[in-house]
Amino acid sequence: MPRPEFKRILLKLSGEALMGDQQFGIETETAQRVAEEIKLAQAAGYELCVVVGGGNIFRGLAAADQGFDRASADYMGMLATVMNALAVQNALEKLGVDTRVQSAIPMSSICEPYIRRRAMRHMEKGRIVIFAAGTGNPFFTTDTAAALRAAEMQCDALFKGTSVDGVYTADPKKDAAAERYDTLSFDRVLSDNLKVMDASAVAVCRDNDIPIVVFNIREQGNLARVLNGEGTSTIVEN
Ligand code: UDP
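If you count by full-length UniProt numbering, then the sequence shown holds residues 1 to 238, one letter each, in order.
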């Protein structure tokens, strides 16, 4: 269904979205394809900012399970998101798209620190702002960072790019009878523990009335299609 009110959006890219068919890391072609999605959406008149994950490189929780100190492991995870942010920036700039990376953990030789008002200004100038280092705090995830930045940047919606075209009653890759929800309420997602985003991210979106749109980022041109109300997705809202 067309959602013309979604003008400014935050795109959440998990680290896996940059991995392609690899088991680990960044696949250049995949990063380039994701950048093309962003460029197309921008060309269609939407304002975008991006939060990148780091799970393709390092996950704090997984490392903690193997004996790492959790907080240190989480900082390593946040550093991984900075690598991904630079990869997305690079891919976008190859396409001639103006970008800025802002990190929640200041790294002044590499990128800007996160400054909300400056990020707003970049967006007003038509730049794609890529937010790195999650929230800057251990024990959080980049899903929560995405919800937080979406609220701070006054985004109309949070678009979560995944490898399926929405939220299903069961895993569509394993169960042929699984059906896709067109819409879901935040409360239902939380009470049924549906795997959309972390509960804390869902709660931030619910409390700030920011719909979450789950869509397939792997299909070419799909971000712009879903924004134009032509592609399939699941919308979670109040
Ligand atoms: N992380 C963190 N605080 C944050 C965001 C991320 O500590 O605010 C760490 C955490 O260890 C996480 C890793 O960074 O496992 C990578 O982020 P995430 O797992 O959210 O990436 P994604 O699953 O989206 O690729």
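Don't be surprised by glycine CBs; every beta carbon is placed ideally from N, CA and C. Please read all numbers here as calculations on a predicted model, not as lab measurements.
Indicate whether the contact test is met: 3 or more Cβ pairs, each with one atom in the segment 212-231 and one in the segment 160-168, closer than 8 Å.
Yes, they touch.
To the nearest whole angstrom, what separates the beta carbons of A87 and I26, a pair I think is in contact under 8 Å?
Within the sequence shown, numbered from 1, the residue matching residue 87 stands at position 87. Within the sequence shown, numbered from 1, the residue matching residue 26 stands at position 26. Between I26 and A87 the Cβ distance is about 5 Å, and since that is below 8 Å, they are a contact.
Check whether the Cβ of L11 lies closer than 7 Å to any heavy atom of the ligand UDP, and answer yes or no.
Looking up residue 11 in the sequence shown gives position 11. Checking the Cβ of L11 against the ligand UDP gives no.
Compute the distance between the beta-carbons of V202 and F186, then report whether it is under 8 Å.
For this step, residue 202 is matched to residue 202 along the sequence shown. For this step, residue 186 is matched to residue 186 along the sequence shown. In this structure, F186 lies closer than 8 Å to V202 by Cβ.
Can you tell me whether residue 241 is buried or exposed, with buried defined as 16 or more other CB within 10 angstroms of its CB?
Only positions 1 to 238 of the chain appear in the structure, and residue 241 is not among them; the question remains open.
I'd like to confirm something about E16: is its beta-carbon nearer than 7 Å to some heavy atom of the ligand UDP, or not?
Position 16 of the sequence shown, counting from 1, holds the residue named residue 16. Within the cutoff, so yes.
Please specify which runs of the alpha helix (DSSP H), each continuous and at least 4 residues long, are wholly inside the segment 154-201, giving them in chain order.
Runs of the alpha helix (DSSP H) inside the segment 154-201: 186-191.
Would A85 and A35 be called neighbours here (beta carbons separated by less than 8 Å)?
Counted from its first residue, the sequence shown places residue 85 at position 85. Counted from its first residue, the sequence shown places residue 35 at position 35. Not a contact, by the Cβ cut-off of 8 Å.
Helix, strand or coil, according to DSSP, for L95 in the structure here?
Position 95 of the sequence shown, counted from the start, is the residue given in the question as residue 95. Coil at L95, not helix or strand.
May I ask you to list the residues that DSSP assigns as paired with E237?
Working through the sequence shown from its first residue, we reach residue 237 at position 237. Answer is S185.
Within the present structure, is the beta-carbon of F159 separated from the nearest heavy atom of the ligand UDP by less than 7 Å?
Position 159 of the sequence shown holds residue 159. Checking the Cβ of F159 against the ligand UDP gives no.
Among R188, M153 and Y168, which residue has its Cα nearest to the Cα of V51?
Taking the sequence shown and counting its residues from 1, one reaches residue 51 at position 51. Comparing Cα positions, the closest option is M153.
Which one of P106, L194 and A176 has the shortest CA to CA distance from G134?
Numbered from 1 along the sequence shown, position 134 holds the residue referred to as residue 134. Here the closest residue by C-alpha is P106.
Would you say the beta carbon of R59 is closer than 7 Å to some non-hydrogen atom of the ligand UDP?
Against the sequence shown, residue 59 aligns to sequence position 59. Result yes, Cβ under 7 Å from the ligand UDP.
Scan the segment 26-75 and note each continuous alpha helix (DSSP H) run of 4 residues or more that stays entirely inside, going in chain order.
With a minimum length of 4 residues, the continuous alpha helix (DSSP H) runs that stay inside the segment 26-75 are 28-43 and 60-65.
I'd like the ranges of any beta strand (DSSP E) spanning at least 3 consecutive residues and lying wholly in the segment 89-154.
Counting whole runs of 3 or more residues, the segment 89-154 contains the beta strand (DSSP E) stretches 99-103 and 128-132.
Going by the beta-carbon positions, is the gap between residue 242 and L158 smaller than 8 Å?
Nothing can be reported for residue 242, as the shown portion of the chain is limited to 1 through 238.
E124 to T141, Cα distance in whole Å?
Position 124 of the sequence shown, counting from 1, holds the residue named residue 124. Position 141 of the sequence shown, counting from 1, holds the residue named residue 141. When rounded, the distance between both Cα atoms is 27 Å.
Can the beta-carbon of N238 be found closer than 8 Å to that of A151?
By 1-based counting over the sequence shown, the position of residue 238 is 238. By 1-based counting over the sequence shown, the position of residue 151 is 151. Not a contact, by the Cβ cut-off of 8 Å.
Around the Cβ of I115, are there at least 16 other Cβ atoms within 10 angstroms (buried) or fewer (exposed)?
As a first step, residue 115 must be located in the sequence shown, where it is residue number 115. Answer is exposed; the Cβ neighbour count stays below 16.
By how many angstroms is the C-alpha of L48 removed from the C-alpha of D77?
As a working note, residue 77 is residue 77 in the sequence shown. As a working note, residue 48 is residue 48 in the sequence shown. The question names Asp, but residue 77 in the sequence shown is Gly. Cα-Cα distance, rounded: 24 Å.
For L13, collect the residues of the same chain with a Cβ closer than 8 Å to its Cβ; drop the 5 residues on either side in sequence, then sort them by chain order.
Numbered from its first residue, the sequence shown carries residue 13 at position 13. If we look at L13 and ignore the five residues flanking it on each side, its Cβ neighbours are V34, V50, V51, V52, G53, N84, V88, G161 and I217.
Quick one: Cα of F6 to Cα of S191, how far?
Counted from its first residue, the sequence shown places residue 6 at position 6. Counted from its first residue, the sequence shown places residue 191 at position 191. The alpha-carbon atoms of F6 and S191 are separated by roughly 26 Å.
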